[in-house]
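These protein sequence lines are chains A and B, in that order. For what it's worth, our numbering labels the leading residue of the first sequence as 175, then goes sequentially. For what it's worth, our numbering labels the leading residue of the second sequence as 175, then goes sequentially. The structure appears below as structure tokens.
Number of protein chains: 2
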Amino acid sequence: MTAGHAFYDALTRPTCVALVGASDTAGKATSRPLAYLTQHGWPGTVFPVNPRRETVAGFRSWPALTGLPQRPDHVFAMTGADLVLDTIAECVELGVPLVTVLADGFVDTDPKGAERRHRLKSIIEGSATRLLGPSSLGTASLAQGLVLTANAAFADPQLQPGGVFVASQSGSAIGALASRGAEMGVGFHTLVSTGNQLDLSLGEICRAAVDDPQVGSFALFLENITGADSLRDFALAAARRAKPVIAYKLGRSAEAARLAVSHTGALAGDDAVADALLDDLGFARVTVFEALLEGQQFARDAGWRSGGPTRPRICVLSTTGGGGAMVVDCLAERGGQPCGPSPETARRLAEIGVASAGEALIDLTLAGTRYEVMKGALDIVLSAPEFDAVVAVPGSSARFHPDLAVKPIIDCGGHAKPLAAFVVPAAPDALQLLRDSGVSAFRTPEACADAVVAVCSRRSPRRHITTHRQLSGPPVLLDEAASYELLGRHGIHSAPHSVANPDDLPDALPVPGPVAVKLLSDEVAHKSDLGAVVLGVADAAGLAAAVATIRNNVAVSAPHLPVDRILVQSMVGALGEALVGLRLDPDAGPVVVVAAGGVLAELHRDRAVRIAPVDLATAREMVGSIVAFRPLAGYRGGELGDLEALAHAVVAISKLASTPDLAILEAEVNPLLIGKAGAGVCAVDALVRYLPDPRT
Amino acid sequence: MTAGHAFYDALTRPTCVALVGASDTAGKATSRPLAYLTQHGWPGTVFPVNPRRETVAGFRSWPALTGLPQRPDHVFAMTGADLVLDTIAECVELGVPLVTVLADGFVDTDPKGAERRHRLKSIIEGSATRLLGPSSLGTASLAQGLVLTANAAFADPQLQPGGVFVASQSGSAIGALASRGAEMGVGFHTLVSTGNQLDLSLGEICRAAVDDPQVGSFALFLENITGADSLRDFALAAARRAKPVIAYKLGRSAEAARLAVSHTGALAGDDAVADALLDDLGFARVTVFEALLEGQQFARDAGWRSGGPTRPRICVLSTTGGGGAMVVDCLAERGGQPCGPSPETARRLAEIGVASAGEALIDLTLAGTRYEVMKGALDIVLSAPEFDAVVAVPGSSARFHPDLAVKPIIDCGGHAKPLAAFVVPAAPDALQLLRDSGVSAFRTPEACADAVVAVCSRRSPRRHITTHRQLSGPPVLLDEAASYELLGRHGIHSAPHSVANPDDLPDALPVPGPVAVKLLSDEVAHKSDLGAVVLGVADAAGLAAAVATIRNNVAVSAPHLPVDRILVQSMVGALGEALVGLRLDPDAGPVVVVAAGGVLAELHRDRAVRIAPVDLATAREMVGSIVAFRPLAGYRGGELGDLEALAHAVVAISKLASTPDLAILEAEVNPLLIGKAGAGVCAVDALVRYLPDPRT
């Protein structure tokens, strides 16, 4: 442990804890921590603090923190939102390293909550006391028997210590995961409910846990994304030590995203942005709840130092056609590639009597229930270079002959390739045997495929890419011409254009026609909405008429807006249109988006989102993932467009995130016209909003 | 039982069975049926038939079927593919009502298999013997103790008799379902492996089971769709008796669809067609494996006489925010609408102290662990008219206080609205209590949401809609003009056109220009591929030039094709394009498809598929589901297109499926131009292929 992680010692291995507001009434949530500490045999010193009782559950009760004979390492404050502020102040006064706050009522969305939040922050600011919560259900470190939570599921006698570190924004989820883990035989190091993260963030807690040699891997239950920087510190540290991180995040649907707002008071991020951040951090994101725990062993087997391919190639090997086909279906639905053996591998399989026929499933049929057939086939596919992972699918015999059915799988240790087993029947003994032998085993085809694809396709986390910006002062909006100029300095071309004075129009078009005539203003972001754009203007007379039209329209739609500058821009031909944008997300940081132009792309949500900046390989991958660009890549004989130039433009715009002397809030080129292959791309509308860096 | 279901009696309650090829070696698959019959205490008479043994597992072994003292009702033939044909012939000779064939090797894709298939068919044709299989793993009827299968999972002492009838194309799936059902406390009436369905189809077997008063609901495990007519008979009978049908079908991914081909020899249907058929039959299709069994109780509670809304409105009520939000996410992802209470319901909830704030989740928080709060809230939402179903989500307390946590849910019986429970922690006792009390309970949020949405959004099955056509003789292809004529008789307009003789062209365009000039031929389906279409022709000179171009192109691309007729067609303007097609699917029957025109719609698979014919309401729903048509419905201020005329055209084309004097194999209008609202739709290319009905 480093000195910087004092809160972590207090969290996971305190020697003395105080329970403020501990109830003497069995069954009440606030009575649970004391009962659990007794039940799980925690050897440390515990002080119930409750001024209205002489004793609590047989322990002497203390009237206040300040009168305790010893300073606690960790105070679990279970009083209400108003009283708890005094408790926190006492902790600060005593120099208690960690206080966990159960109460909710600190959410910004209600004025009382905002007030409490403010007071709480000022109490702990600059002190030696770190705070977990508020709205934290507490923590449990099983090797210590330290079960310091109000969650009802921790009465479990089966809870096993082990290497999995659970950090959850939802308090109830730690109970769900603890109990499900107990059933699966998963051993936990610690389960911590992070609550509102007013002080200690989930990232900071996990970052400290990475340095703990007893922590092997991480399971995160997320409601939203906050603290991107501390999450990145954690992700990089975890990758360095090859400790896997699997994340389950709520809010995939708009309905659930709205819940996350009201529940925690945090901003509800677009799930695509959260997904981009989790991807950038190299976390394996699962969408099946149980995959969060069932996938832990598989993730450890897969190693965690470097990322994998976007579409991992998976070998599925079964003794039962139906069961194997379920896994194949689930893998393909999640973007994995279930695929058949190479000719060389097929030849080796044939030598041991296994026909494979190049299909996505190697079905050993009933013959595969013989040890030597399953073992032989597994050894061959586990050493075949064409697969990123192998899934073995034992059938009905696993229920009553678990030893026979899973022994060949257990005996396949020592290969470098990760191996998972999906057991088709209900076969708790077979699952147990596999797990006890360190083999990753799954109860459902959905969880199996989810974990395998998420783990195999994860990336290596990226290093820190932007410095944190001081965001203050009013944002600056650049007009279209100034936006082009800024973009031009970064290598993005725009169509030929010229700025004209509407009171002194030129006698001929200043740029080749036909032209678009637009109001030039640093006060409006959406000119078209004001009727301030006229297209297809052929000559000087048309230009004058267009300016008159714009004047008339603006006089109605925005009477106070001056029409003192006009942009005249050549209308150039193109094969297609893209939108490329950079945006500073309040939670995730700078994000770059590429989408096809037009309303259909919007309706189909045909876009790619990544954390900015991106390199050329990532930009190519983004462009390649957009369905609407496939015709420009030659699909169905479409004329080739300059998608390579588009990828370069994506890189350039994404790099605006690290512009040295200003903090870009938003930079959008829409549309960016895509020329024929080799002809480049060209902006015909653009918008930049930024905050000047106060240092300049 | 009716006389027509003699095979069903022999399948589910025979009094005497023979096991041909029964092995004396414990552990061999062919030894299992005898062991299981003994283990499960089947009271009937069993004859092992094995000429190479005196006894089998202590039973006297008989040398042949013909020498048995009594005619068996059901023969389970476990010999190899060649020997088994003699056994089947013996069954026919003896008048055995049912023979189940274990062997595979009857698949059309290999010549030997095709030969055996042919012989098998000729043996049973016209006989009183019905055949289950080949490639059937057998059957089990649990109330009888009749476990007549070679599947290893049936050694289970926990198997409970009950009302669920399982029919599976996969033999291994019956073992997986039996064992998982045993774990869940699901009671089975019968589990049957249908194999290749050479004689008895899955539909026919299930149709017979509908009449069995002891059968309450159905779980189907499908690898592909065959026998649409018998499935429809079954679906209609099941709906009449309000017996739910839930189906799980493999082949959602292209990879798994290919497996279904190689595995069963059946044609791999497009999964969209299978989905349309399952929908049309009113089956609830689930995609999470365990939802097939976990959903049975919920389906019974939901009633089964009539279908539900496309996007069912679901109330989620939890004591744990995280657990409830998981269900909300999963429901929304599957097309359900998790939604908040009406103002009136919110008012009633407020009266008992429950705040609901119009969100998609009613979070009772810890207060909801009190009986009266949960019970009161459930009673209110179960009687609220705005919800189609309610999901209750008990939290961690369900693990150690199952009685307290689930009692309010159990006590909510008697409401007309279906209620499901998702139990957030691992809480086997709580699940058991709920299930024993007849409450639908789910172990995972994914299975819960999957079953709830699938069941609530199912349709009522449609009555038989087409007569089965005799398909024989060479198909007839109509040329474009003749296709327009046929379509015109059914109310589909085409753009003005005229047929010209290329050797005697008119002096002026016969229809208003500009025109498209096309080769007219009943020998080619794709004129453009031959260079036989010239667009944008303005006058007679252009027409002559276009004909010369077509002659030159065809001379190269299809030298033997005569260029003796030319179609000249006005090019008319439109707001959008659609493809509307009818196709006779070999498995599902006539299918109607609507898609947006263009390569992007194809890439996005932006289409709607239904079994034909469809009524206007369904056609409107199809058109409404296509993303690319939303701008024509006014999205983002798009100009309104005549989507109502498009829906009428879909109905008209779908009705070609029941054209009285011919069997349409394919009718496609592509593109069908969509005019402004009120301006109608208009075909500018069309193709019809049909078989003349031999009766005419």
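Glycine residues also receive a C-beta, built at the ideal position from the N, C-alpha and C atoms. Values in this document were obtained by computation on a predicted structure and should not be read as measured data.
The CB of A329/B comes closer than 8 angstroms to the CB of R573, F574 in chain A, given here in chain order. For C513/B, the three-state secondary structure derived from DSSP is coil.
Only G569, S570, S571, R573, F574 from the segment 554-574 of chain A bring a Cβ to less than 8 angstroms from some Cβ of chain B. Under the three-state reduction of DSSP, V389/B is assigned to coil, being neither helix nor strand. Take H589/B, set aside five residues on each side of it, and the residues of its chain with a beta-carbon closer than 7 angstroms to its own are L556, S557, in chain order. Its chain contains L709, Q743, M745 as the residues whose beta carbon lies nearer than 6 angstroms to that of A690/B, once the 5 sequence neighbours on both sides are disregarded; these appear in chain order. DSSP, reduced to helix, strand and coil, places K692/B within a strand of the structure shown. The beta carbon of A669/A lies closer than 6 angstroms to those of Q743, S744, V746, C856, V858 in the same chain, with the five residues before and after it left out. Between E560/A and P515/A, the C-beta spacing is below 8 angstroms. The C-beta distance from A566/B to I554/B rounds to 12 angstroms, too long to meet the 8 angstroms contact threshold. Put simply, the backbone Cα of P688/B is about 44 angstroms away from that of S695/A. For the 8 angstroms CB-CB criterion, A524/B and I536/B do not form a contact. Cβ neighbours of P237/B within its own chain (closer than 7 angstroms, five residues either side excluded): P225.
If you draw a straight line from the Cα of T400/A to the Cα of R633/A, it is about 20 angstroms long. Taking a Cβ-Cβ cut-off of 7 angstroms, the neighbours of A347/B in chain A comprise G496, given in sequence order.
By the 16-neighbour rule on beta-carbons within 10 angstroms, Y658/A is buried.
The beta carbon of S310/A does not come within 8 angstroms of any beta carbon belonging to chain B, so the residue lies off that interface. Within chain B, the residues M500, T618, P619, E620 have their CB atoms less than 8 angstroms from the CB of F463/A, given in chain order. Here DSSP, grouped into helix, strand and coil, assigns G763/B to strand. What N325/A touches in chain B, judged by beta-carbon distance under 8 angstroms, is S570, going in chain order. For V801/B, the chain A residues whose Cβ falls inside 8 angstroms of its Cβ are L774, L777, H778, in order along the chain. The C-alpha of L242/A is placed about 12 angstroms away from the C-alpha of V249/A.
A distance below 6 angstroms between beta-carbons, with the five flanking residues on each side excluded, links G390/B to the following residues of its chain, in chain order: G337. Chain A has a Cβ within less than 8 angstroms of the Cβ of E507/B.
Listed in chain order, the non-local C-beta contacts of E620/A below 6 angstroms within the same chain comprise V462, C504, local neighbours out to five positions each way being set aside.
Remark: fewer than three beta-carbon pairs, one from each stretch, lie closer than 8 angstroms, so the segment 481-488 of chain B and the segment 420-432 of chain B are not flagged as touching.
Beta-bridge annotation (DSSP): C856/B is paired with L847/B. Under the DSSP assignment, S832/A falls outside any alpha helix (DSSP H); it carries neither an H nor an E label. Judged by DSSP secondary structure, A720/B falls within the alpha helix (DSSP H) whose first and last residues are 714-731.
Leaving aside the five residues that flank I838/A on each side, the residues in its chain whose CB is nearer than 8 angstroms to its CB run, in chain order, L756, L758, P764, L830, A831, V862, R863, Y864. Residue nearest to S731/A within the set P787/A, V698/A, L753/A is V698/A (criterion: CA-CA distance). DSSP, reduced to helix, strand and coil, places I740/A within a strand of the structure shown. With 16 or more other Cβ atoms inside 10 Å of its own Cβ, G377/A counts as buried.
Neighbourhood of F395/A in chain B, by CB distance below 8 angstroms: G496, in chain order.
S344/B belongs to the set of residues whose beta carbon lies under 8 angstroms from a beta carbon in chain A. Around the C-beta of Y210/A, 16 or more other C-beta atoms lie within 10 Å, and the residue is accordingly described as buried.
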